[in-house]
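So the structure is just underneath, and the comments pick up after that.
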Amino acid sequence: MLDIKLIREQTADVKRGLAARNVDTAVIDEVLQLDAQWRDLKTREEERQAALNRANKAFGPWMGARKKNPAVPAPQELTELLGETPADPDQAKARLGALSADVQEMARRADAVLNQIEQKLLFVPNLPSRHTPLGKTEADNIVRKEWGQKPAFAFTPKAHWDLVAGKGFDMEIGGRISGSGFPFFRGKLARLERALVNFFLDLHTREHGYTECWTPFMVRQETLQNSGQLPKFHEEMYRTDERDGLYLIPTAEVPLTSVHADSILPDEQTPVRYCAFTPCFRREAGAAGKDTRGILRVHQFSKVELMVVTTPEQSEQEHETLTRCAERCLELLEIPYRRLELCTGDIGFGAARCYDLEVWAAGVGKYLEASSCSVFTDFQARRAKIRVRDKEKRTRLAHTLNGSGLATPRTMIALLENNQTADGEVRIPKALQPHYGAERL
RNA sequence: GGAGAGGUGGCAGAGUGGUUGAUUGCGUCGGUUUCGAAAACCGAUUUGGCUGAAAGGUCAACGGGGGUUCGAAUCCCUCCCUCUCCGCCA
0 MLDIKLIREQ TADVKRGLAA RNVDTAVIDE VLQLDAQWRD LKTREEERQA
50 ALNRANKAFG PWMGARKKNP AVPAPQELTE LLGETPADPD QAKARLGALS
100 ADVQEMARRA DAVLNQIEQK LLFVPNLPSR HTPLGKTEAD NIVRKEWGQK
150 PAFAFTPKAH WDLVAGKGFD MEIGGRISGS GFPFFRGKLA RLERALVNFF
200 LDLHTREHGY TECWTPFMVR QETLQNSGQL PKFHEEMYRT DERDGLYLIP
250 TAEVPLTSVH ADSILPDEQT PVRYCAFTPC FRREAGAAGK DTRGILRVHQ
300 FSKVELMVVT TPEQSEQEHE TLTRCAERCL ELLEIPYRRL ELCTGDIGFG
350 AARCYDLEVW AAGVGKYLEA SSCSVFTDFQ ARRAKIRVRD KEKRTRLAHT
400 LNGSGLATPR TMIALLENNQ TADGEVRIPK ALQPHYGAER L
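Residue numbers (numbering that gives the first Met the number 0): 0 to 440.
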């Protein structure tokens, strides 16, 4: 969520940032108008409430005093508020009750307006960072680096669905059990899946300083709102029936972001670095008919997620660090990749800046997004109420970051397709061999 | 699934419906003392909104929401969470 103060005070900058993301800025004017209304209501409500509080505070002692001497006059606070000296407590009660009802009514109106503001702001994306390149579509993304050598073949490399057909790659079985987009692996491929997950977790926990977490795979609506998936991306999510109303997580970012919700971390405890393996569930609602073959785009997949909570001062640096942690996975697996910096028009809802890591997959002959490393500035922290505190005891909203490190399907695609041999075998990269337990698939 | 107990400030733990945003202890920070430290003593120590240049003023919050009342941490309803016991089952 954006800072309402920023919207008030730097309206032009906010609009410029949103416009760069192709967002209609009319919502900002609507919010500002409601905000003015809210502040007016709130100020008047509080003035009345303050007067009422003073009167109520004096009321008790008056009652006490009257027990001893019924002739004790009403206290000044009461007389002031009511504009007359009440004859007796019952008369005062009646008048106070009416005033109290008025204040409550004003409070209700103010809350209703505040609610409208929030409902609008929940649909407004984060502002792009000053570093994020301007652009309209994904065509304007910028390649920041390329790593590795695309493999050369003396034969035509197969796409993964042909390469491992009949070797434990059973999309039809997944389809029969659950529907299309639910992969089913048997034997070597299932083991490869597990090996990748273990490889990622071991790397991040042993060498990159992340703390491994095991999280729930189903979460509440509120948890998804903290990290920004709800309310806007409701259609993208699987949800259990109304008895529980839980959502299946689309990424471990969701539970991890809420770990420190509603709390304050001392600066010296940051950065907090978490990683977690979870399955991820996505409807891929807007992507029907796209990338339907093999495991290019699926409804359920495994991912090891990296998530960082840090201070506003450190977050830019942490973004580079986190991205490097993801890149190291690919480098150790010898998978050629490129780092793309997403432009303002293509960046995700909550992100201020984002790098996509795309792996080269020789069989399908394309780069495939395998990781998205984003810095969210205080966007998620404001929703989740994650704060940090410095030595001078100043609290401010934390910054959050996350990135895949990595998701298995596209990593596996690249690994299989790039390392295939003429006889249809697949070479397992050296770094993965201890986890997989063999040099060949 | 059934029965019960409980959710208060960083933690522990009080709180007859009326100066209780909240006693107290611990912790933390600052000070006095000391060559230094410990101990002792003194002081400070929740968060957020509105307003203000600032000082300050003011409102809100005792798990969430609603209600009763002139007035709620305290009474009522409801939801959530934690713990204990029973049942059931990985």
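Using N, Cα and C, we set each Cβ at its ideal position, and we do this for glycine too.
| Query | Result |
| --- | --- |
| Of the residues Arg-327, Phe-183, Lys-384, Pro-433, the one placed nearest Asn-197, counting alpha carbons only | Pro-433 |
| Sequence-distant residues of its chain with Cβ nearer than 6 Å to Glu-234 (five each side left out) | Ala-284 |
| Rounded separation between Pro-428 and Gly-362 - CA only | 17 Å |
| Range covered by the alpha helix (DSSP H) that runs through Asp-101 | 88 to 120 |
| Burial state of Ala-97 (16 or more Cβ within 10 Å) | exposed |
| Simplified DSSP assignment, three categories, for Leu-306 | The question names Leu, but residue 306 is Met in the sequence shown. Strand, per DSSP. |
| Euclidean distance between Cα positions of Glu-303 and Asp-243 | Just to set this straight, residue 303 is Val in the shown sequence, not Glu. Going by the C-alpha atoms only, they are around 26 Å apart. |
| Sequence-distant residues of the same chain with beta carbon closer than 6 Å to Cys-212, five excluded per side | Tyr-273, Ala-275 |
| Inter-residue Cα distance where the pair is Lys-231 and Ala-251 | 18 Å |
| Rounded separation between Glu-368 and Leu-1 - CA only | 28 Å |
| Segments of 4+ residues assigned as alpha helix (DSSP H) that fall wholly inside the segment 23 to 90 | 25 to 67, 75 to 81 |
| Stretch-stretch touch, CB-based, cutoff 8 Å, three pairs: the segment 207 to 223 with the segment 408 to 424 | no |
| The segment 62 to 73 touching the segment 122 to 135, judged by at least three CB pairs closer than 8 Å | no |
| Complete runs of the beta strand (DSSP E) confined to the segment 187 to 232 [at least 3 residues] | 210 to 212 |
| Residue span of the beta strand (DSSP E) that contains Leu-264, given as start and end | 262 to 265 |
| Neighbourhood of Thr-204 by C-beta, 6 Å cutoff - its chain only, sequence neighbours within 5 removed | Glu-211 |
| One or two residues paired with Cys-274 in a DSSP bridge | Glu-211, Leu-305 |
| Beta-carbon gap between Val-425 and Arg-439 smaller than 8 Å | yes |
| Among Arg-382, Lys-392, Phe-184, nearest to Pro-443 - alpha-carbon criterion | The structure shown does not extend to residue 443, since the chain is modelled only from 0 to 440, so the question has no answer here. |
| C-beta contact flag for Ser-128 and Arg-352 at 8 Å | yes |
| Cβ pair Thr-155, Ile-346 closer than 8 Å | no |
| Spatial distance of Leu-115 from Asp-101 (CA atoms) | The sequence as given places Gln at residue 115; Leu does not occur at that position. Distance between the alpha carbons of Gln-115 and Asp-101 is about 22 Å. |
| Beta-carbon proximity list for Leu-80, same chain, < 6 Å, skipping 5 on both sides | Ala-50, Ala-54 |
| Alpha-carbon spacing of Ile-27 relative to Asn-225, whole angstroms | 21 Å |
| Backbone CA spacing between Phe-300 and Asn-52 [nearest angstrom] | 57 Å |
| Assigned exposure category for Pro-69 - 16 Cβ within 10 Å defines buried | exposed |
| Residues of its chain near Val-30, where Cβ-Cβ distance is below 7 Å and the 5 sequence neighbours each way are ignored | Ile-6, Ile-116, Lys-119, Leu-120 |
| Best match in Pro-88, Ile-176, Ile-294, Glu-221 for proximity to Asp-161 [C-alpha to C-alpha] | Ile-294 |
| Burial state of Thr-256 (16 or more Cβ within 10 Å) | buried |
| Gln-358 versus Glu-326: straight-line alpha-carbon distance, rounded | Looking at the sequence shown, residue 358 is not Gln but Val. So the alpha carbons of these two residues sit roughly 10 Å apart. |
| Inter-stretch contact (C-beta, 8 Å, three-pair minimum) for the segment 369 to 382 and the segment 391 to 407 | yes |
| CB contact flag (Gly-134, Asn-140, <8 Å) | yes |
| Outcome for Asp-169 when other beta-carbon atoms lying within 10 angstroms are tallied against a minimum of 16 | buried |
| Neighbourhood of Thr-78 by C-beta, 8 Å cutoff - its chain only, sequence neighbours within 5 removed | Thr-84, Pro-85 |
| Beta-carbon proximity list for Arg-388, same chain, < 6 Å, skipping 5 on both sides | Ile-263, Pro-265, Thr-394 |
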